[in-house]
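*Asks:* Have a look at this one.
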Amino acid sequence: MWQAEVRVDLDAIRDNVALLRARTSAEVLVAVKADAYGHGLVPASRAAVAGGATWLGVATLGEALELRRAGIEARVLAWLLAPGLPLHEGVEAGIDLSAATPDLIAELVTAARTAGRPARVHLKLDTGLARGGAVPSEWPALFEAAAKAQAGGDVEVVGVWSHFACADEPGHESIDRQLAAFTAGLELAGRYGLAPRYRHIANSAATLTRPDAHFDLVRVGIAAYGLSPIAGQTYGLRPAMTARARVTLTKRVPQGQGVSYGLTYHTARETTLAVIPLGYGDGVPRHASSAGPVRVGEVTARIAGRVCMDQFVVDVGDAPVAAGDVVTLFGDGGPSADDWAEATGTINYEIVTRFGSSRVPRVHVGEIA
Ligand SMILES: *Cc1c(COP(=O)(O)O)cnc(C)c1O
Numbered sequence: 001m002w003q004a005e006v007r008v009d010l011d012a013i014r015d016n017v018a019l020l021r022a023r024t025s026a027e028v029l030v031a032v033k034a035d036a037y038g039h040g041l042v043p044a045s046r047a048a049v050a051g052g053a054t055w056l057g058v059a060t061l062g063e064a065l066e067l068r069r070a071g072i073e074a075r076v077l078a079w080l081l082a083p084g085l086p087l088h089e090g091v092e093a094g095i096d097l098s099a100a101t102p103d104l105i106a107e108l109v110t111a112a113r114t115a116g117r118p119a120r121v122h123l124k125l126d127t128g129l130a131r132g133g134a135v136p137s138e139w140p141a142l143f144e145a146a147a148k149a150q151a152g153g154d155v156e157v158v159g160v161w162s163h164f165a166c167a168d169e170p171g172h173e174s175i176d177r178q179l180a181a182f183t184a185g186l187e188l189a190g191r192y193g194l195a196p197r198y199r200h201i202a203n204s205a206a207t208l209t210r211p212d213a214h215f216d217l218v219r220v221g222i223a224a225y226g227l228s229p230i231a232g233q234t235y236g237l238r239p240a241m242t243a244r245a246r247v248t249l250t251k252r253v254p255q256g257q258g259v260s261y262g263l264t265y266h267t268a269r270e271t272t273l274a275v276i277p278l279g280y281g282d283g284v285p286r287h288a289s290s291a292g293p294v295r296v297g298e299v300t301a302r303i304a305g306r307v308c309m310d311q312f313v314v315d316v317g318d319a320p321v322a323a324g325d326v327v328t329l330f331g332d333g334g335p336s337a338d339d340w341a342e343a344t345g346t347i348n349y350e351i352v353t354r355f356g357s358s359r360v361p362r363v364h365v366g367e368i369a
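In terms of the UniProt record's numbering, the sequence shown opens at residue 1 and continues consecutively.
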């Protein structure tokens, strides 16, 4: 018997990946960074592979090594590397690593010699996001360093890649501009003798809306978890995560009762309050105070007053709610992660990722669980 749980339907992840795979002739990488957007790194990765993903993508070297420790053998790309990491551990584990500077190429050469095998690298180009990657003026030096390291047998240039800034706004002028810059970068790489097997730039949004951006590999994250990167469209995806809790206590209170810290919410009339044992320590955004929707029995109610660290209160009116009843925050039979995102001024990505907290038991269900 649980009092709060995050349920993750692994079949939904598998089926979403299969659906995405059917939309492209490119290979599919599923982004499993940040504990698979809160869905559980290892189980979600297995579900992604079962759905046809041949690659997994993570931010950190630590995440990549954790996948290998769990026995996952799919190709893994790690793309967020500060200088000075033990990159040889990644090379030894057969992890593909991203590089955007000649300095990192030099580190990869050293790592390859320590590991006794070539480092597989994906060269990251900044085509307009202005986050990771080399800007165009740095491309010649990056390509030259990579070509030299490859000629020396220490590095294998497997990929050239980039990332969109606004793919979730179909038609945004930056998308074509970034694609043109990426194509120019690929051409330039060719002039340095680089012929990467994997050219990739598409995230979920571009995978769903821009087949001309698929190249050899698409990198999907949010869509694999069944949520849409584009407002108002579902693309037949099935949300994998459901967050639920049991009411710990109910009480009748009179009209005008202030509720929770700060007494910021006042009851409009005599009503029933229900206490829900989830708070910001579990991933409920404090910004959901007096805003987040929950489904309890036949009614959808909103959080009354401030979200606390461990709990929040819901004003359920005269609905027959009792201690032990199940309340759904989002997912199966409740509001959606998108509803929560809208109520709290964020994106569905942040809602599910927050709920990957360790205090709430995360239960994996489905045929492949
Ligand atoms: C997270 C991430 C993705 C996946 O993005 P979604 O919008 O969730 O599909 C792709 N590429 C990179 C570099 C990422 O960091």
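C-beta: ideal position from N, C-alpha, C; glycine also.
If you're wondering where the values come from, they're calculated on a predicted model, not measured in any experiment.
Run through DSSP, which three-state label would Pro293 get?
*Replies:* Residue state, collapsed to three classes: strand.
*Asks:* Going by beta-carbon coordinates alone, are Gly305 and Gly262 separated by less than 9 Å?
*Replies:* Result yes, Cβ atoms of Gly305 and Gly262 sit closer than 9 Å.
*Asks:* With Trp340 as the anchor, note down where its alpha helix (DSSP H) starts and where it stops.
*Replies:* Where Trp340 is concerned, the enclosing alpha helix (DSSP H) stretches over 337-344.
*Asks:* Would you please state the rounded distance, in angstroms, between the beta carbons of Pro239 and Ala99? I believe it to be under 8 Å.
*Replies:* Incorrect: roughly 35 Å between the Cβ atoms, too far for contact.
*Asks:* Leaving out five residues on either side along the sequence, give the residues of the same chain with a beta carbon under 8 Å from the beta carbon of Gly256.
*Replies:* Closer than 8 Å at the Cβ level, and outside the excluded window around Gly256, lie His266, Thr267.
*Asks:* Go ahead and label Gln233 buried or exposed: buried means 16 or more other beta carbons lie within 10 angstroms of its beta carbon, across all protein chains shown.
*Replies:* Under this definition Gln233 is an exposed residue.
*Asks:* Hey, Ala165 and Leu129 are a contact pair by Cβ (cut 8 Å); roughly how many whole angstroms apart?
*Replies:* That pair is a contact at about 4 Å.
*Asks:* Alpha carbon to alpha carbon, how far is Phe330 from Gly236? Give it in angstroms, no decimals.
*Replies:* Taking the straight line from one Cα to the other gives about 18 Å.
*Asks:* Just confirm the distance between the C-beta atoms of Pro118 and Gly153, as a whole number of angstroms; I'd bet it's less than 8 Å.
*Replies:* Indeed, because the Cβ distance is near 6 Å, the residues count as touching under 8 Å.
*Asks:* State the start and end residues of the unbroken alpha helix (DSSP H) segment that holds Glu187.
*Replies:* Glu187 -> alpha helix (DSSP H) spans 173-191.
*Asks:* Taking the C-alpha atoms as reference points, what is the distance between Phe355 and Gly292?
*Replies:* Each residue's alpha carbon lies about 14 Å from the other.
*Asks:* To the nearest angstrom, how far is it from the Cα of Ala111 to the Cα of Pro83?
*Replies:* If you take the alpha carbons of Ala111 and Pro83, they lie about 12 Å apart.
*Asks:* Could you tell me the alpha carbon to alpha carbon distance between Ala147 and Ala106, rounded to whole angstroms?
*Replies:* Distance between the alpha carbons of Ala147 and Ala106: 12 Å.
*Asks:* Cutting at 8 Å between CB atoms, please list the residues of its own chain near Lys33, excluding the five before and the five after it.
*Replies:* Taken in chain order, the residues that qualify are Gly57, Val58, Ala59, Thr60, Glu63, Gly221.
*Asks:* Put Asp9 into one of helix, strand or coil per three-state DSSP.
*Replies:* Residue state, collapsed to three classes: strand.
*Asks:* Extract the residue ranges of the beta strand (DSSP E) inside the stretch 208-262, only unbroken runs of 3 or more that lie entirely within it.
*Replies:* You should have 217-220, 241-246, 249-253.
*Asks:* Could you tell me whether the Cβ atoms of Val160 and Leu186 are closer together than 9 Å?
*Replies:* The answer is yes: Cβ separation under 9 Å.
*Asks:* Identify whether Ala301 lies in helix, strand or coil by the three-state DSSP scheme.
*Replies:* Looking at Ala301 - three-state DSSP - the assignment turns out to be strand.
*Asks:* Is it right to say residue 371 is buried, meaning 16 or more other beta carbons lie within 10 angstroms of its own, or is it exposed?
*Replies:* Residue numbering for the chain in the displayed model covers 1 to 369; residue 371 lies beyond these limits and cannot be assessed.
*Asks:* If you run the structure through DSSP and keep just helix, strand and coil, what is His88?
*Replies:* Note: His88 maps to helix in three-state DSSP.
*Asks:* Cutting at 7 Å between CB atoms, please list the residues of its own chain near Arg177, excluding the five before and the five after it.
*Replies:* So the qualifying residues of the chain are Gly128.
*Asks:* In whole angstroms, what is the alpha-carbon distance linking Ser189 and Phe143?
*Replies:* It is Ala, not Ser, that sits at residue 189 in the sequence shown. Cα to Cα, the separation comes out at about 6 Å.
*Asks:* Quick one: what's got a C-beta closer than 8 Å to Leu249's C-beta in the same chain, skipping five residues either side?
*Replies:* The answer, listed in chain order, is Ala274, Val275, Ala323.
*Asks:* Compare the C-alpha of Ile230 against each of Thr209, Ala213, Tyr37 and name the closest.
*Replies:* That would be Thr209, whose Cα lies nearest to the Cα of Ile230.
*Asks:* Evaluate the contact criterion for the stretch 341-348 versus the stretch 7-25: three or more CB pairs, one atom per stretch, below 8 Å.
*Replies:* Judged by Cβ distances under 8 Å, the stretch 341-348 makes no contact with the stretch 7-25, as fewer than three pairs qualify.
*Asks:* Using alpha carbons as the reference points, say which of Ala4, Gly38, Ala36, Gly52 lies closest to residue 378.
*Replies:* In this structure the chain extends from 1 to 369, so residue 378 is not present and cannot be described.
*Asks:* How is the alpha helix (DSSP H) around Ala115 delimited, first residue to last?
*Replies:* Run containing Ala115: 102-115, per the alpha helix (DSSP H) assignment.
*Asks:* Restricting to runs no shorter than 4 residues, where is the alpha helix (DSSP H) found entirely within the stretch 55-88?
*Replies:* You should have 61-69.
*Asks:* Measure the alpha-carbon distance for Thr242 versus Val294 and round it to whole angstroms.
*Replies:* Answer to the nearest angstrom: the Cα atoms are 12 Å apart.
*Asks:* Skipping 5 residues on each side, what residues in its chain have a beta carbon closer than 7 Å to that of Arg14?
*Replies:* Result list for Arg14: Ala47, Ala50, Gly51, Ile368, in chain order.
*Asks:* Could you check what DSSP says for His287 in three-state terms: helix, strand or coil?
*Replies:* Helix at His287.
*Asks:* Using DSSP with H/G/I as helix, E/B as strand and the rest coil, what is Phe312?
*Replies:* Three-state result, Phe312: strand.
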